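In my numbering, each number is its position in the sequence shown, counted from 1, plus 31.
Glycine is no exception: its CB is placed at the ideal position from the N, C-alpha and C atoms.
These numbers were taken from a predicted model, which means no experiment stands behind them.
Okay, structure first, notes after.
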Amino acid sequence: MPNIKNFETIIKPIITEKSSLGSENNQVTFHVKKSSTKDEIKVAIEEIFKVKVKKVNTSIVKGKLKSFRGSVGKRSDYKKAFVSLEDGQSIDLSSGV
């Protein structure tokens, strides 16, 4: 049974043209909580999606500067996790959890 903390760690999948190219190599990209570690991400993915994770790479994406009605603001930084799955494993992101 997945823990509630696992659902808080994984925020949403990132579905872009670049991330869909990684799916050919059994790699999936997720937007994760900024304070989460690689081990927490690995456990969360394995328990939620019932797959085996080979490795997890992370990167912090800096927020963009945006102007709104003449004042400049900054979007929040966030963490991306690139999850490599074992051979023969896959995650169907088009269906619900």
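Its chain contains Thr40 as the residues whose beta carbon lies nearer than 6 angstroms to that of Ser67, once the 5 sequence neighbours on both sides are disregarded; these appear in chain order. With fewer than 16 other beta carbons inside 10 angstroms of its own, Thr47 counts as exposed.
In the assembly as shown, Phe38 is an exposed residue. Its beta-carbon has fewer than 16 other beta-carbons within 10 Å. Counting other Cβ atoms within 10 Å of its Cβ, Leu116 reaches 16 or more and is therefore classed as buried. Runs of the beta strand (DSSP E) lying entirely within the region 79-105 and spanning at least 3 residues, in chain order: 84-92, 96-99 and 102-105.
Ser51 and Gly101 have their C-alpha atoms roughly 36 angstroms apart. In the DSSP assignment, Lys110 forms a beta bridge with Val63 and Ile91.
If you check the CB distance, Val63 and Lys110 come in under 7 angstroms. When the five nearest sequence neighbours on each side are left out, the beta carbons in the same chain lying within less than 6 angstroms of the beta carbon of Ile76 are those of Val84 and Val114, in order along the chain.
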